[in-house]
Amino acid sequence: MPLTDKQKEYHKKYREEHKQQKREYFKKYAQEHREELQKYRKNYRDEHKHSAQEYSKNYITTERGIKSYRISSWKSNGVKHDDFDALYEKYKNTNECELCNIPITEGHGIIGKKHLDHDHITGEFRNILCGDCNINKRRFK
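Residue numbers (this note's numbering): 20 to 160.
Rendered as structure tokens:
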């Protein structure tokens with residue numbers, strides 16, 4: 020049976036008033052049951068590790084997954100852009116550094132790898148560069 024608005028308000032007020040007590044209780048519990056909790060966490064990680072790895076491996080190997088991963092990475096690094104789909108297509112189709120014109124590919128690392136250059140203050144996209152140009156451009160600003 021769903022709670023009434025009055026009951027919801029009471030529970031909210033109770034949680035707020037007893038927040039510190041609850042925090043202290045859980046802190047004490049964690050100290051007293053440290054070894055049990057560590058074993059539980061380890062077992063949980065071991066049981067779910069395989070399924071999480073399989074999911075990410077299967078998802079990130081699809082074109083859609085790679086695109087989603089790349090765009091979310093850019094956003095989390097502060098890149099701001101009006102059309103991330105168009106930006107991704109430009110990134111995907113760029114094969115030469117826009118400063119030094121050497122061939123570049125996707126992947127991790129610096130030498131010969133694509134990097135999305137952006138202003139770290141405003142988040143504005145600037146160029147798609149090789150790792151060397153990206154580092155040197157940042158260093159000499």
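C-beta: ideal position from N, C-alpha, C; glycine also.
*Check whether the Cβ atoms of Lys133 and Tyr110 lie closer than 8 Å to each other.*
Start at 1 with the first residue of the sequence shown, and residue 133 comes out as number 114. Start at 1 with the first residue of the sequence shown, and residue 110 comes out as number 91. Contact: yes.
*Thinking just about the alpha-carbon of each residue, which of Ser92, Glu43, Cys152, Tyr48 is nearest to the one in Leu118?*
Looking up residue 118 in the sequence shown gives position 99. Selected option, being the one with the closest Cα: Cys152.
_Contact check, Ile121 vs Gly150, beta carbons under 8 Å_ = Mapped onto the sequence shown, residue 121 falls at position 102. Mapped onto the sequence shown, residue 150 falls at position 131. Not a contact, by the Cβ cut-off of 8 Å.
*Asp136 (DSSP reduced to helix, strand or coil)*: Locating residue 136 in the sequence shown gives position 117, counting from the first residue. In the structure shown, Asp136 sits in a strand (DSSP, three-state: E or B).
*What are the partner residues of Lys99, as DSSP defines its beta bridges?*
Locating residue 99 in the sequence shown gives position 80, counting from the first residue. According to DSSP, Lys99 bridges with Glu143.
*By the 10 Å Cβ neighbour count, where 16 or more other Cβ atoms means buried, how is Asp102 classified, buried or exposed?*
On the sequence shown, residue 102 is found 83 positions in, with the first residue counted as 1. An exposed status is given to Asp102, since fewer than 16 other beta-carbon atoms sit within 10 Å of its beta-carbon.
*Check whether the Cβ of Ile129 lies closer than 7 Å to any heavy atom of the ligand SAH, and answer yes or no.*
Summarising the ligand content, the structure contains no ligands, and the ligand SAH is consequently not present.
*Identify which residue in Asp65, Leu56, Ile147 has its Cα closest to the Cα of Thr124.*
Residue numbering aside, residue 124 sits at position 105 when the sequence shown is read from its first letter. It is Ile147 whose Cα lies nearest to the Cα of Thr124.
*Output the distance between the C-alpha atoms of Ser95 and Ile154, rounded to the nearest integer angstrom.*
On the sequence shown, residue 95 is found 76 positions in, with the first residue counted as 1. On the sequence shown, residue 154 is found 135 positions in, with the first residue counted as 1. Whole-angstrom Cα-Cα distance: 19 Å.
*List the endpoints of the continuous alpha helix (DSSP H) containing His52.*
Position 33 of the sequence shown, counted from the first residue, corresponds to residue 52. No alpha helix (DSSP H) contains His52, which DSSP labels as neither H nor E.
*How should His139 be labelled, buried or exposed, when 16 other C-beta atoms within 10 angstroms of its C-beta is the threshold for buried?*
Sequence index remark: in the sequence shown, residue 139 carries index 120 (1-based). His139 is exposed by the Cβ-count criterion.
*Under the DSSP definition of a beta bridge, which residues are partnered with Leu148?*
Position 129 of the sequence shown holds residue 148. Answer is His134, bridged to Leu148.
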